[in-house]
Every structure is written in structure tokens, then in C-alpha cells.
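Engineer: Read top to bottom, the protein sequences are chains A and B.
Remember, my numbering sits 15 above the position in the first sequence when you count from 1.
Remember, my numbering sits 15 above the position in the second sequence when you count from 1.
For glycine and all other residues, C-beta sits at the position ideal for the given N, C-alpha and C.
Protein chains: 2
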Amino acid sequence: MTQTGQRHEEAIAGVRDFNRFYTRFLGALNEGLLRSPYSLSESRILYELGTRHSVTASQLSAELGMDPAYLSRLLKKLREADLVLASASAEDGRATVLSLSKPGREAFANLDRASHEEISNILMPLGPDGASTLVGAMQRIRAALDPSTTENPPYVIRPHRIGDIGIIISRQGALYAQEYGWDGTFEGFVAEIAGGFLKSYDPKREHCWVAERHAEVVGSVFLVDAGGGTAKLRMLWVEPSTRGLGIGGRLVNECIRFARDTGYERMTLWTNDILVSARRIYEKAGFRLVAEERHHSFGKDLVGQNWDLEL
Amino acid sequence: MTQTGQRHEEAIAGVRDFNRFYTRFLGALNEGLLRSPYSLSESRILYELGTRHSVTASQLSAELGMDPAYLSRLLKKLREADLVLASASAEDGRATVLSLSKPGREAFANLDRASHEEISNILMPLGPDGASTLVGAMQRIRAALDPSTTENPPYVIRPHRIGDIGIIISRQGALYAQEYGWDGTFEGFVAEIAGGFLKSYDPKREHCWVAERHAEVVGSVFLVDAGGGTAKLRMLWVEPSTRGLGIGGRLVNECIRFARDTGYERMTLWTNDILVSARRIYEKAGFRLVAEERHHSFGKDLVGQNWDLEL
DNA sequence: GTCATTTGATTGACTTTGTCAACAAACTAT
DNA sequence: ATAGTTTGTTGACAAAGTCAATCAAATGAC
């Protein structure tokens, strides 16, 4: 078998394994829900009605993947229990618009609270970090299996936290090795600079921003004081898998804004000519190329560039 | 609301969202399975019997979370269809040992193949990388929700590769912050040392070892030349979740062996008295405490220690 | 050894859940 | 106007699952 074939087989086994595991997990969760007086299907209906504004029976049936006949009977039962209100639709005489009555909303709130609490109890022992890795992993699964719903995936730009810097070093080292063949000294170079930054940066005049998506660090940039009213932008990096979302531009803009607010008069940065996508970001932000020089670093012959921006 | 409270709420919402999504996803998968002549429950029984060697009805009922009465009826049906064989248990006269007959194994193979193909079709469009991120995310979820299944998988000690150093920095920074409350300068300290090492280490006389488990870096140590025939062991670290496997001892032993082979006359290391588990490893390896001094670093008052070992 | 208790498997009697076909009323397209 | 859809409903069933009772074998206390 080919090596990719091998990996494919392992992936299939992994997914099947997870599916069996998660089937049991969801089963256990639903058992908790069964302590409520409503059946699973009824709960799902209540949930759907509780979170959407107005739905018709046919929409419900489509969205819950439920048989219309069965749904009709369940709705009848819920109407008789005064939990659900049905009114004829204005646009379509056949359709009935469904909504929750006051006691229905109460029932929904109870269900919602119970479910919320159940999940909360599961997350508690994981701690905040464990919980966010968990949720990040879930988002990644969803993004993989259902690309349509996550077309506009959110990311946040935030200040760095403990542990971020190492990730930034690792990813940059691996990335430039893979894309441009730079050797291990590049990772060392980044580590030394970033380490020096951490040890002695001035929070009022210097800063590191991190882009995070799905609980993963996917980009970063540093702004340091170069003296003489000049701020230096360093080590801009965006994970290739997230390119095209404008993360690089956002990071650079954060830098510029911070530099302006802090009172710097100009910004400067050093990069290499082969980093084309970074170059475009700098141009767009208003930077001008002011000097180039050849150098040999990280096992390659490179052309370094200095870019400036008057603030 | 507090900031952690906020994050907790978001995590809960994320998990609930994922659960709704995955319920639908699993439902869709099971529909594919329903094209087989067996019901979902029957399929689950066949699957369980097909993958395990011998099971009793009560074990099955416990593992599948199925009512014994219902299971009994399903088994009767499967026995009548000649798919399942039942024989009295040798140890327990009440229990019946279940297994698949020849046609039963065939039926299982068909089910298995169908499920395999279904997953394969889902993974295909993701490509090998997409598939392995997916499976990785699933494993992380499982590890978070079901820590018991963490068996005792082997680890390997190997030289560092590009990207490892950043991970080492990140994990150490996060770990010492969490366990001892050290501030961000510690991550910077580690980054600077590790970065300097990468930039200019002599591969013949200096080395970094990494412990890897589950394709994850879980420990590391550096050995550097301190001059005058002395080798310095630096930054020993083992991920707490893997403690007790002897990884720390293995790493230190690698260092000692390398130092001997390289012709160093003695080894030295610097650590802090609060790192008790590291201290035990050094003692066991033959190191002697030679000096202690108080210092203020990483936001804490600490007691530094020097340990020596004659080779 | 005996006797009460527990455990494994089964059965009868039942409820809940879900499916299928048929149908009327309302809508759409021509 | 009319043929064809769509929406919601009902009857008739089938499948899935539950609960209490039962029996036989095993276990534990004495």
C-alpha cells in the first residue's frame, strides 16, 4: 500500500472510532435531557421554536429531519399542552406559523438551562484552557465537514499571552523551512529576538499582537522601539492556511495605530524580497522600500529590504 | 460578568452548537447504514460481535447501553437468522457466550465495508492534510472528554527538529506560569537561551533531545559546552501529563552518555529548589548539590541550585 | 451445607417512536 | 381552467424501546 493510502486508512479508522465514541457521549447527554417531561423529539422542537422567531411546520420538518406526519402529531400534542401556538400564515393559507406560548417559553428556558448546566459540568474540570482547546477542535471538525456554514470564520487579534511566543517561534521556523528551505538557525534567530522582547519590553511603547482562530495562534507581529522616534515592526507572520482573510493587514494596521497613538514619528521594518505576500501588505499600508542589500543567512542567499513609513 | 465567566459561556455555547451539528451529521451517516437489511441496533450488535472475540449478552447490553430485554429479543432474531451463535459459558452457567456465525461474519464484513466507504467518501475531498487535521481534532476532543482511554503509549527520544524548539519554549513558559506563577519573562529567558543554542551550537559537542509521544513533544533537554571540559545540562522539561513514564530520567541519561562519549570530564546544571521532581532525577543520575543561592527572577523569590557530576 | 441475595437471560404486556400511503386544502405555472 | 406541487393532517402499521415478572445459576453470610 502507498504511504498516502496508509494514512488514508488510518484517518478512516480514526473517524469511525470517534463516531462510535461521540455516539455514546451524545447518548449519555440525552439521557440527562430525558429527566425532563418531554421526549427527545419534543425537546428538539421546543428548542428550535425557542431559538427561532417564526417557523412553519414544513421548515421544522426539514431542519430537524423529522417525518412530517410524526411532527404533525407531536405538534398537536404540544398545542394541546398549551406550549405551542399555531396561527395561519398570512402569505400562505396552507402553512401554519408556529411559536411558543408563555408556558412554552418557560419550558424551553428550563430545557435550555438544564442543557447549559450539563455542558458546564462537563467543561468545569477541564479548566478554561482545556475548554477552549476542546471548542477549537470542535470548530475545526465542523469547518472540515461542513465548509458552507463556516465560510466567514472569525479570528481575533489580541495581545500575546504566556505560551504564545513559543508557538510563534515554532510555526515560523517550520514554515520558512518548508516554503523557502531556510535552515534551523532561522528558528534560533526568531527565538532570540522574541525572547529578548519578552524579557525586557516596555509595555507602554512596545507590543506583540497575536491572531487567533479556532483557539489556535495563526499569525503574529511585534512592534519595538528602535530609538529616535522610530518604531520597528518585526516578525510579521500569518499561517498559510488562513491567508486571504486579511489577517496580515489587520496585524500591520494594529501596529500602525499603536505606533501613532504612542507618539512615534516613523515606522521601519526589515524583510526579504522573496516574501511577496508580506510585501503587498506593507505597500498597501503605505510603507516605502528605501534600501536593499544582499546577505547570506539561514543557509540561503537572500536580498534584505528596509521599508519605512512616516506616521 | 468576569472575563473567565465570559469565556466559559462561549465555550458552553460552542459545545452545544457542535453537539447539534454532530447529531445531524451522525444521523445522516446512519441513514446510509439503513440501506442494509439490518436495523441500527442490529448493526451495532453485529459490529460489536464482529470486532470483539467473545461477549456475553450482559456485557453487550452494558457496552451498547441497551435494555437487556430488548437486546435479548434482537439476539433471538439474529440467532433465528443464523447470524449469531450462542453457547453456554463454561465459567458461568447462566451466561451465554455470543459469536458470529459464518453468514454473520459476512454480514458484518458488508456493514464494515459500507461504513468504511462512507467515511472514505467524506474524507476524500479534504485531502490527506485536511483528513489528518480532522482526525487530530477528534483525538483531542476524545482526550478531553474521556481521559480514561489514554493508554500507555510509547514515547521516543530523538534529536530536535525544526519547529520543536518553539514548542519547547511555549510549553515551558505555560507550565511554569501555571504551576509556580512565574511571569512571562521566563518564557523569554528560555527563548533566548534556546534561540542562541540553535544559532550557534556545535553539533559534535552540543545537543538537544526531544521526547515525543502521540506525535507531540512532551519533554526535552539541552546539553551545551560550558568550557574547561565541563558540559552543562539545561532546561530539562517533561510534560506533567506524561510524568511517571520515566521520560525525565531517559533524557538525563542520554545527556550523560553523550557527554561521556564526547570526552567531557564533568557535568553541571542549574535548577531551582522548588522543582522537586527534577531534583529526584538528578540525584538518581548521580548529581551532587554543590551550591545554593537566593535570587529574584520571573517575578518570584527563588533559591537557585548548582549540581555537579564527575563523569 | 443452607438460605437469602444477586446476577444473567428471557418473556409478556405495554408505550413510545417513527413510517407510509392517502387525502384535502391552498398555492403555482401555464 | 387545469394539471401539478406543496402543506399539513389522518389512519394503519411497524419498529424500537420499557417495565415488571420470572427462572435458573452463582454468590455471600452464617
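For A/P255, I'd like the list of residues in its chain whose CB is within less than 8 Å of its CB, leaving aside the five on either flank, ordered along the chain.
Structural biologist: So the qualifying residues of the chain are L190, E194.
Engineer: Between which residues of its own chain and A/N287 is the CB-CB distance below 8 Å, once the five residues before and five after are set aside?
Structural biologist: So the list reads L317, V318, G319, Q320, once near-sequence residues are dropped.
Engineer: Taking B/P174 as part of the beta strand (DSSP E), name the residues at either end of that continuous run.
Structural biologist: B/P174 -> beta strand (DSSP E) spans 171–174.
Engineer: Using DSSP with H/G/I as helix, E/B as strand and the rest coil, what is B/F237?
Structural biologist: DSSP places B/F237 in strand when its eight states are reduced to three.
Engineer: Name the residue from A/G278, A/L79, A/R295 whose alpha carbon lies nearest to the alpha carbon of A/D303.
Structural biologist: In the sequence on display, residue 303 of chain A carries Arg and not Asp. Residue A/R295 is the option with its Cα nearest to A/R303.
Engineer: Expressed to the nearest angstrom, what Euclidean distance is found between the alpha-carbon atoms of B/K92 and B/E78?
Structural biologist: Distance between the alpha carbons of B/K92 and B/E78 is about 20 Å.
Engineer: Between the stretch 141–152 of chain A and chain B, which residues of the former have a C-beta closer than 7 Å to a C-beta of the latter?
Structural biologist: For the stretch 141–152 of chain A, which is checked against every Cβ of chain B, the residues closer than 7 Å are L141, P143, G145, A146, S147, T148, L149, V150, A152.
Engineer: Is the distance from the Cβ of A/G203 to the Cβ of B/G210 below 8 Å?
Structural biologist: Closer than 8 Å, so yes.
Engineer: Taking contact to mean at least 3 C-beta pairs separated by less than 8 Å, is the stretch 69–83 of chain A in contact with the stretch 30–39 of chain A?
Structural biologist: As far as the Cβ criterion goes, the stretch 69–83 of chain A does not touch the stretch 30–39 of chain A, which means the pair count is below three.
Engineer: Quick check: is the beta carbon of B/E221 nearer than 8 Å to any beta carbon in chain A?
Structural biologist: So, not an interface residue.
Engineer: Could you give the C-beta distance for A/R228 and A/F237, rounded to a whole number, given that I count them as a contact under 8 Å?
Structural biologist: Actually they do not touch by this definition, with Cβ atoms about 19 Å apart.
Engineer: Using a Cβ cut-off of 8 Å, which residues of the stretch 278–303 of chain B contact any Cβ in chain A, in chain order?
Structural biologist: Going along the stretch 278–303 of chain B in chain order, one finds no residue with a Cβ nearer than 8 Å to chain A.
Engineer: Per DSSP, A/S245 is paired with what?
Structural biologist: One point to set straight first is that residue 245 of chain A is Thr, not Ser, in the sequence displayed. Partner(s): A/G242, A/R281.
Engineer: Would you report the Cα separation of A/A274 and A/G188, rounded to the nearest angstrom?
Structural biologist: Each residue's alpha carbon lies about 27 Å from the other.
Engineer: Compare the Cα-Cα distances from B/R309 to each of B/A293, B/I289, B/E106, B/V99 and report the closest residue.
Structural biologist: That would be B/I289, whose Cα lies nearest to the Cα of B/R309.
Engineer: In three-state terms, what does DSSP make of A/D323?
Structural biologist: In the structure shown, A/D323 sits in a strand (DSSP, three-state: E or B).
Engineer: Using 8 Å as the limit for Cβ to Cβ distance, is A/I172 near chain B?
Structural biologist: It does not; no Cβ of chain B falls within 8 Å.
Engineer: Please confirm if the stretch 138–148 of chain A is in contact with the stretch 109–129 of chain B, defined as three or more CB-CB distances below 8 Å between the two stretches.
Structural biologist: Judged by Cβ distances under 8 Å, the stretch 138–148 of chain A makes no contact with the stretch 109–129 of chain B, as fewer than three pairs qualify.
Engineer: For A/Q154, does the count of other Cβ atoms within 10 angstroms reach 16, so buried, or fall short, so exposed?
Structural biologist: Classification for A/Q154: buried.
Engineer: Name the DSSP bridge partner or partners of B/S147?
Structural biologist: According to DSSP, which records beta bridges pairwise, B/S147 is partnered with nothing at all.
Engineer: Please compile the residues from chain A whose C-beta is within a distance smaller than 7 Å of the C-beta of B/H131.
Structural biologist: Going along chain A in sequence order, the residues near B/H131 (Cβ under 7 Å) are I27.
Engineer: For the beta strand (DSSP E) containing A/T111, name the first residue and the last one.
Structural biologist: It spans 111–115 - the beta strand (DSSP E) in which A/T111 sits, taken as one unbroken run.
Engineer: Grab the span of the alpha helix (DSSP H) containing A/L89 for me, first residue to last.
Structural biologist: Looking at the DSSP string, the run of the alpha helix (DSSP H) that includes A/L89 is 83–95.
Engineer: Considering only their Cβ atoms, is the gap separating A/I183 from A/W285 smaller than 8 Å?
Structural biologist: No, they are not a contact pair.
Engineer: In the DSSP assignment, find the unbroken beta strand (DSSP E) run with B/L100 in it and report its ends.
Structural biologist: Segment 99–103, the beta strand (DSSP E) holding B/L100.
Engineer: What's the gap between the Cα of B/G99 and the Cα of B/V291?
Structural biologist: Note that residue 99 of chain B corresponds to Val in the displayed sequence, not to Gly. Cα-Cα distance, rounded: 57 Å.
Engineer: Would you give the residue range spanned by the beta strand (DSSP E) that B/M312 belongs to?
Structural biologist: Correcting the residue identity first, residue 312 of chain B is Ser in this sequence and not Met. 303–312 is the extent of the beta strand (DSSP E) around B/S312.
Engineer: Is there at least one Cβ from chain A nearer than 8 Å to B/I134's Cβ?
Structural biologist: Closer than 8 Å to some Cβ of chain A, the Cβ of B/I134 qualifies, so yes.
Engineer: Listing by chain order, which chain A residues have their CB less than 7 Å from the CB of B/A189?
Structural biologist: Result: I177, G178.
Engineer: Can you give the beta carbon distance from A/C223 to A/S215, rounded, assuming they're within the 8 Å contact cut?
Structural biologist: Their Cβ separation, rounded to whole angstroms, is 13 Å, which puts A/C223 and A/S215 out of contact at 8 Å.
Engineer: Hey, could you find the ends of the alpha helix (DSSP H) A/L106 is sitting in?
Structural biologist: Just to set this straight, residue 106 of chain A is Glu in the shown sequence, not Leu. Element bounds for A/E106: n/a, residue is neither H nor E.
Engineer: For A/L55 and A/M81, I'd like the C-alpha separation in whole angstroms.
Structural biologist: Using only the alpha carbons, I get a separation of about 12 Å.
Engineer: Tell me, to the nearest whole angstrom, how far the beta carbon of A/V233 is from that of A/I262; I am working on the premise that it is less than 8 Å.
Structural biologist: Between A/I262 and A/V233 the Cβ distance is about 7 Å, and since that is below 8 Å, they are a contact.
Engineer: At the 8 Å Cβ level, is A/I156 part of the contact set with chain B, yes or no?
Structural biologist: Yes, contact with chain B.
Engineer: Residue range of the alpha helix (DSSP H) that B/A226 falls in?
Structural biologist: No alpha helix (DSSP H) holds B/A226; the beta strand (DSSP E) holding it covers 222–228.
Engineer: At the 8 Å Cβ level, is B/E38 part of the contact set with chain A, yes or no?
Structural biologist: It should be pointed out that residue 38 of chain B corresponds to Thr in this sequence rather than to Glu. Cβ-Cβ to chain A under 8 Å: yes for B/T38.
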